[in-house]
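In this note's numbering, the protein residues as written are 56 to 582.
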């Protein structure tokens, strides 16, 4: 009899939690999107509602109806967001962060996390209101693209501020986008970094990297709780001009177990890819679609799953019927251009262009300090740290790399030969030019003295300059920071008949957009 009553009690408790679970799983969020003419963030009776705005719960994507209304399922940990349509702005908070999302997380984030996450949000409101401000968005615009800020502390935030952000005050860019590793494991830097980035005076968008995780999380699902509380959804989209920007989370986190350290890999996952399919169904095929993520689908620095996205081909199948595509990534602390084809699993009509963007912090702000007291931060591929200005025109775009604290036209470093060499060394040397933003579509020539310019050959190699820099400053670099393979080097042989004395080198490059840059050097041959 006791077992009978115990069984009934257990059945009752099980049913209670089952009902509770279904009550959360079965909830539906409703709301409106409207034009907020007086920008008071509230729907006034005379303000019109906006139809056909994309609304998502990070899985389903719906359009607002003719009265600007939407309804969408939610669970116990949902972020509901709108895709900002072209011709409108979303409100910004006091730190110039776009406010396009609503977090529904009744229980909040796990309380045992070192860095706080989302506070309990309570029940859903009767209606979620998303205000939009009407704006003029030209077909031609600029955006600032930042690879890996990754500050570990306030000192490194100060380096970012003085090395890069100060030069961008008064920028004409429409917005900035940071490509992950917003922090360097110490998530307490989020608030001071956000405040510092706000000085740009433009909307600042963000996405997560592998150093933005709550490391206590056993798995990926709850690994970005602090990030979420500061930046919102880990993947989302927005329109500006004639471009659709798709922000993705390409890091899958796996927490430590008693047998294994914590680890991560490049992966989108089934749910995010289903969201991508749902998102793109409302995007015309003639629009430029720019994808931004942290870990790249493909890189040459390694074939590790921590540096490449293992389910990239599943993404490729979703997007390869489009012709106007670009992928921007960070993570490597190098710069790389790739034009993917069948060898990498891409089956689209045109090669898929991926740009792995230079890190703001370069080699994690290592190296000798300059007259400003800022470390050189030269990357492991020999390129300076810096950022990018992307120029958009309709469904076309171009980019320019801007080296931090240097002349914007400094795009080439002649890394060999340098200084004084002996005559017998000539046969073993070649001209090595580091074209920081060079790609397979760049043309590069080299002129020695008054000889006719000759074409140089693209080559994957390690940076002689960075190798020398490390050897001469061993105490200023962490031991694991070493030269890594890069595909933005061009080489040509030195003429064997060069006489002793001074000689000049002029390297010129023209990128795929017709922009030309030059680098110059003088070296001497001893008798």
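Positions of the beta carbon are idealized from the N, C-alpha and C atoms, including for glycine.
On a predicted model such as this, the values are computed, not experimentally measured, just so you know.
Identify whether residue i lies in helix, strand or coil by the three-state DSSP scheme.
{"i": "residue 249", "result": "helix"}
{"i": "residue 357", "result": "coil"}
{"i": "residue 447", "result": "strand"}
{"i": "residue 370", "result": "helix"}
{"i": "residue 199", "result": "strand"}
{"i": "residue 337", "result": "coil"}
{"i": "residue 535", "result": "coil"}
{"i": "residue 571", "result": "strand"}
{"i": "residue 92", "result": "coil"}
{"i": "residue 78", "result": "In this prediction, residue 78 scores a pLDDT of 42, lower than 50, which makes its location untrustworthy; no coordinate-derived value is stated."}
{"i": "residue 330", "result": "helix"}
{"i": "residue 470", "result": "strand"}
{"i": "residue 429", "result": "coil"}
{"i": "residue 440", "result": "coil"}
{"i": "residue 220", "result": "helix"}
{"i": "residue 232", "result": "strand"}
{"i": "residue 325", "result": "helix"}
{"i": "residue 378", "result": "coil"}
{"i": "residue 131", "result": "coil"}
{"i": "residue 420", "result": "coil"}
{"i": "residue 215", "result": "helix"}
{"i": "residue 398", "result": "helix"}
Candidates the options: which alpha carbon is nearest residue i's?
{"i": "residue 559", "options": "506, 514, 513", "result": "506"}
{"i": "residue 224", "options": "251, 367, 489", "result": "251"}
{"i": "residue 535", "options": "379, 522, 345", "result": "522"}
{"i": "residue 93", "options": "188, 132, 108, 365", "result": "188"}
{"i": "residue 176", "options": "168, 161, 422, 402", "result": "161"}
{"i": "residue 258", "options": "149, 168, 298, 570", "result": "149"}
{"i": "residue 499", "options": "214, 429, 468", "result": "468"}
{"i": "residue 519", "options": "477, 288, 541", "result": "541"}
{"i": "residue 548", "options": "482, 571, 241, 504", "result": "482"}
{"i": "residue 242", "options": "208, 503, 87, 84", "result": "208"}
{"i": "residue 364", "options": "142, 375, 349, 502", "result": "349"}
{"i": "residue 464", "options": "531, 444, 278, 473", "result": "444"}
{"i": "residue 312", "options": "366, 270, 556, 284", "result": "270"}
{"i": "residue 382", "options": "448, 369, 412", "result": "412"}
{"i": "residue 583", "options": "279, 314, 316", "result": "No answer is possible for residue 583: it lies beyond the span of the chain, which begins at 56 and ends at 582."}
{"i": "residue 328", "options": "487, 301, 117, 318", "result": "301"}
{"i": "residue 475", "options": "579, 447, 570, 406", "result": "579"}
{"i": "residue 174", "options": "561, 575, 503, 284", "result": "284"}
{"i": "residue 371", "options": "398, 362, 87", "result": "398"}
{"i": "residue 360", "options": "306, 171, 121", "result": "306"}
{"i": "residue 244", "options": "281, 450, 195, 462", "result": "281"}
{"i": "residue 170", "options": "379, 104, 268, 139", "result": "268"}
{"i": "residue 131", "options": "573, 84, 90, 96", "result": "84"}
My guess is that residue i and residue j are in contact by the Cβ rule of under 8 angstroms, so how many angstroms apart are they, rounded?
{"i": "residue 373", "j": "residue 335", "result": "7 angstroms"}
{"i": "residue 567", "j": "residue 510", "result": "Not really, about 16 angstroms apart at Cβ, beyond 8 angstroms."}
{"i": "residue 308", "j": "residue 274", "result": "7 angstroms"}
{"i": "residue 546", "j": "residue 485", "result": "5 angstroms"}
{"i": "residue 197", "j": "residue 227", "result": "6 angstroms"}
{"i": "residue 338", "j": "residue 386", "result": "Residue 338 to residue 386, Cβ: 26 angstroms. No contact."}
{"i": "residue 296", "j": "residue 136", "result": "With 8 angstroms as the limit, residue 296 and residue 136 do not qualify as a contact, their Cβ atoms being about 20 angstroms apart."}
{"i": "residue 497", "j": "residue 564", "result": "5 angstroms"}
Would the beta-carbon of residue i be found less than 7 angstroms away from any heavy atom of the ligand ADP?
{"i": "residue 111", "result": "Looking for the ligand ADP in the displayed structure turns up nothing, as the structure carries no ligands at all."}
Checklist entry - Can you find at least 3 beta carbon pairs, one from the segment 448–465 and one from the segment 514–530, that sit closer than 8 angstroms? => result no
Next on the checklist: Restricting to runs no shorter than 4 residues, where is the alpha helix (DSSP H) found entirely within the segment 478–532?
Outcome noted: 519–527
Item to check | Length at least 4, wholly inside the segment 234–320: the alpha helix (DSSP H) runs in chain order | outcome: 245–252, 280–286
Next on the checklist: My parser needs the beta strand (DSSP E) runs of 3 or more residues fully inside the segment 147–196; what are they?
Outcome noted: 156–159, 183–189
Checklist entry - Is it a yes or a no for the segment 351–369 touching the segment 383–400, going by three-plus beta-carbon pairs under 8 angstroms? => result yes
Next on the checklist: Check whether the segment 291–306 and the segment 181–188 are in contact - that is, three or more C-beta pairs closer than 8 angstroms.
Outcome noted: no
Next on the checklist: For the segment 123–135 against the segment 144–155, do three or more pairs of beta-carbon atoms, one drawn from each stretch, fall closer than 8 angstroms, so that the two count as touching?
Outcome noted: no
Item to check | Touching by the beta-carbon criterion (3+ pairs, under 8 angstroms), the segment 209–229 and the segment 437–453 | outcome: yes
Next on the checklist: To test your reading of the DSSP string, which unbroken beta strand (DSSP E) runs of 3 or more residues are found completely within the segment 98–126?
Outcome noted: 109–111, 116–118
Checklist entry - Counting Cβ pairs closer than 8 angstroms, one from the segment 425–437 and one from the segment 398–406, do we hit at least three? => result no
Checklist entry - So does the segment 191–211 actually touch the segment 226–242, counting three or more Cβ pairs closer than 8 angstroms? => result yes
Next on the checklist: Three or more C-beta pairs under 8 angstroms: does that hold for the segment 104–111 against the segment 254–270?
Outcome noted: no
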